[in-house]
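Trainee: One structure, pasted below without further comment.
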Amino acid sequence: MMTNYGNRITQGQFSFLPDLSDEQIMAQVKYALKNNWAVHVEYTDDPHSRNTYWEMYGMPMFDLKDPAGIVMEIKGCRKTFPNHYIRVTAFDSTRGWETPRMSFIVNRPEKEPGFGLVRQETQGRQIHYTIHSYATDRAESERY
Amino acid sequence: MSDASRTPNELSKDNNTDDALIDLDAEFKASNVQEVLDKLDRELIGLVPVKTRIREIAALLLVGRVRQHLGLSAETPTLHMCFTGNPGTGKTTVALPMAEILHRLGYVREGHLVAVTRDDLVGQYMGHTAPKTKEVLKRAMGGVLFIDEAYYLYRPENERDYGQESIEILLQVMENQRDDLVVILAGYKDKIERFFHSNPGMRSRIAHHIDFPDCAVDELLSIGCLMLQQQNYQLSPKAQAALRDYMVRRRRLPHFANARSIRNALDRARLRQANRLFAAVGAKLTIQHVMTIEAADILASRVFQEGLPDDNTAP
Chain A
141 MMTNYGNRIT
151 QGQFSFLPDL
161 SDEQIMAQVK
171 YALKNNWAVH
181 VEYTDDPHSR
191 NTYWEMYGMP
201 MFDLKDPAGI
211 VMEIKGCRKT
221 FPNHYIRVTA
231 FDSTRGWETP
241 RMSFIVNRPE
251 KEPGFGLVRQ
261 ETQGRQIHYT
271 IHSYATDRAE
281 SERY
Chain B
81 MSDASRTPNE
91 LSKDNNTDDA
101 LIDLDAEFKA
111 SNVQEVLDKL
121 DRELIGLVPV
131 KTRIREIAAL
141 LLVGRVRQHL
151 GLSAETPTLH
161 MCFTGNPGTG
171 KTTVALPMAE
181 ILHRLGYVRE
191 GHLVAVTRDD
201 LVGQYMGHTA
211 PKTKEVLKRA
221 MGGVLFIDEA
231 YYLYRPENER
241 DYGQESIEIL
251 LQVMENQRDD
261 LVVILAGYKD
271 KIERFFHSNP
281 GMRSRIAHHI
291 DFPDCAVDEL
301 LSIGCLMLQQ
311 QNYQLSPKAQ
321 AALRDYMVRR
331 RRLPHFANAR
341 SIRNALDRAR
351 LRQANRLFAA
361 VGAKLTIQHV
371 MTIEAADILA
381 SRVFQEGLPD
391 DNTAP
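Below is the structure:
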């Protein structure tokens, strides 16, 4: 399920819902901090679902007690990259987990062109399918 | 009830002009601030002007909260503070209950205290300062940021110093995110004055100035006794007199750091006591011996012999 109504990409939590408001983001971050997860902000302009390594905005934030600092960072990232995808990830360092426990998109480009299906014909009339983001036809940082 | 609760009571009389009655007393009890104030009273010896000032601030904040509930004032008041005083007068010690009071009255969300100095805020090369300062600010959000010896942030003698950058970020956050964090600056009075003189923006953003007076000899003595009590030591009557004499002499010497000097002196007295007990091999020791500090342990100090402070390293 790569595209849905309006071509909005659906990655991470809450992505089928309308965009979260700042208060809702704050409440989610508060939950993450309550569980002692380290929260960080990432951005990218390559929306492919296999693109898991996004650029990090600033440093990961450890030892925070209050979501205000993270919301400040999200706002800073939006100001710098108003037309990029921005997500907030909460990392759990507990032994046995050691993985992101939460991840949700907090900013999207104004227009998301979505994905096209590419068919590649190979031997014996076999077809290989892949998806291709229309946005990535253009160079990095000129995509949206 | 002690005199702290009287302040809100008196204020409630003035507030009764309109038809609705406002129960400030109930509001005060609900916030549990009295508990913090009592603890402050119990554990801090002397510092009467400071305690009064904290009471006043607590009353002001309480009334502010009631007014906010009634819709009389909408915006968060400026709460940034400045603690001035000589070394060892308890500036850092008071910051913790202050954070607690602010938390209980709902002016900060978490109520934790982040204590920093210049090293934590100012970077070492170009572009290092802003992320470093922001990092600290983010950590302090929802609580209180305590900047010890704040004047070192600004070094006028070095025009390429990065401290100014840190001050600018600090000012911006102090102004724009007043409901997210409270900043307390601390330091010696004259140096803080000079700092404010060169950074007028900083002074205008600080609402409360609290001055910490030096401790009197009696106060120092009770502080010393309290410290020993907490460590399960006691002074013999002669040692008590000796300690008093020590303090009178020590106060006159340079680098006197109030309660901190006393703590250092007692640490050395404990060292001498341990040595004395260890040297008296074969003597029968009781629990009393191990607990008691004798006059000799204190009189061996260099303050008595050469008239020199034996903690030259103290600020």
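Residue numbers (the working numbering), protein chains in the order written: chain A, 141 to 284; chain B, 81 to 395. C-beta: ideal position from N, C-alpha, C; glycine also.
Can you check DSSP and say which residues form a bridge with GLN260 (chain A)?
Mentor: A:HIS268, per the DSSP bridge assignment.
Trainee: May I ask you to list the residues that DSSP assigns as paired with THR184 (chain A)?
Mentor: A:TYR225.
Trainee: Can you check whether the CB of LEU251 (chain B) is closer than 8 Å to the CB of LEU201 (chain B)?
Mentor: Cβ atoms of LEU201 (chain B) and LEU251 (chain B): not closer than 8 Å.
Trainee: Taking CB distances under 8 Å as the criterion, tell me whether ASP162 (chain A) reaches chain B.
Mentor: No, ASP162 (chain A) lies away from the interface with chain B (no Cβ there is under 8 Å from its Cβ).
Trainee: For ALA287 (chain B), write down the residues that DSSP places opposite it in a beta bridge.
Mentor: ALA287 (chain B) pairs with nothing; no bridge assigned.
Trainee: With 16 as the cutoff for other CB atoms within 10 Å, does GLN368 (chain B) come out buried or exposed?
Mentor: With fewer than 16 Cβ atoms within 10 Å of its Cβ, GLN368 (chain B) is classed as exposed.
Trainee: Taking ARG241 (chain A) as part of the beta strand (DSSP E), name the residues at either end of that continuous run.
Mentor: Element bounds for ARG241 (chain A): 239-247.
Trainee: Starting from the C-beta of ALA84 (chain B), find all residues in its chain whose C-beta is less than 7 Å away, skip the five residues before and the five after it, and write them out in chain order.
Mentor: Bear in mind that the predicted position of ALA84 (chain B) carries a pLDDT of just 44, short of 50, making it too unreliable to give a figure here.
Trainee: Given that LYS205 (chain A) touches chain B, what residues does it touch there, using C-beta distances under 7 Å?
Mentor: GLU190, HIS192, GLY222 and GLY223, listed in chain order.
Trainee: Kindly confirm or deny that the segment 269-282 of chain B and the segment 307-317 of chain B touch, where touching means at least three C-beta pairs closer than 8 Å.
Mentor: Not touching, per the Cβ criterion.
Trainee: For PRO187 (chain A), does the count of other Cβ atoms within 10 angstroms reach 16, so buried, or fall short, so exposed?
Mentor: PRO187 (chain A) comes out buried.
Trainee: Just tell me which of B:VAL370, B:GLU299 and B:ASN312 has its CA closest to the CA of ILE342 (chain B).
Mentor: Among B:VAL370, B:GLU299 and B:ASN312, the Cα nearest to that of ILE342 (chain B) is on B:GLU299.
Trainee: Checking 8 Å against the spacing of the C-beta atoms, do ARG219 (chain B) and VAL188 (chain B) come in under that value?
Mentor: No. Outside cutoff.
Trainee: Just the Cα atoms here: how many angstroms apart are LYS93 (chain B) and GLN164 (chain A)?
Mentor: For LYS93 (chain B), the predicted model reports a pLDDT of 45, less than 50, meaning its position is unreliable; a value from the coordinates is still stated below. Those two C-alpha atoms are separated by around 41 Å.
Trainee: Taking only beta-carbon atoms, is GLY198 (chain A) less than 8 Å away from chain B?
Mentor: Yes, contact with chain B.
Trainee: Can you check which of these residues, B:ASP103, B:GLU123 and B:ILE102, is closest to GLN310 (chain B) by C-alpha distance?
Mentor: Of B:ASP103, B:GLU123 and B:ILE102, the residue nearest in Cα terms is B:GLU123.
Trainee: Report the rounded CA-to-CA distance for VAL261 (chain B) versus ASP206 (chain A), giving the unit in angstroms.
Mentor: Rather than Val, the amino acid found at residue 261 (chain B) in this sequence is Leu. Each residue's alpha carbon lies about 10 Å from the other.
Trainee: Contact criterion: CB-CB distance below 8 Å. Does MET142 (chain A) meet it with respect to chain B?
Mentor: Model confidence at MET142 (chain A) stands at a pLDDT of 46, short of 50, so the residue's coordinates are unreliable; what they give is reported in the following sentence. Not closer than 8 Å to any Cβ of chain B, the Cβ of MET142 (chain A) fails to qualify, so no.
Trainee: Does the distance from the CB of VAL179 (chain A) to the CB of MET196 (chain A) come in under 8 Å?
Mentor: No; because the gap between Cβ atoms is not below 8 Å, this pair is not in contact.
Trainee: Using only CA atoms, which one of A:MET166, A:GLN266, A:ASN191 and A:HIS272 lies nearest to PRO253 (chain A)?
Mentor: Comparing Cα positions, the closest option is A:HIS272.
Trainee: Using DSSP with H/G/I as helix, E/B as strand and the rest coil, what is LEU157 (chain A)?
Mentor: Looking at LEU157 (chain A) - three-state DSSP - the assignment turns out to be coil, as it is neither helix nor strand.
Trainee: Determine the extent of the beta strand (DSSP E) in which CYS162 (chain B) is found, giving its start and end residues.
Mentor: Note, CYS162 (chain B): beta strand (DSSP E), 161-165.
Trainee: Distance check for LYS219 (chain A) and TYR284 (chain A), CA to CA, integer angstroms please.
Mentor: Approximately 15 Å, taken between the alpha carbons.
Trainee: Buried or exposed for ASN256 (chain B), please, with buried defined as at least 16 other CB atoms from any protein chain shown within 10 angstroms of its CB.
Mentor: When all chains shown are included, ASN256 (chain B) counts as exposed.
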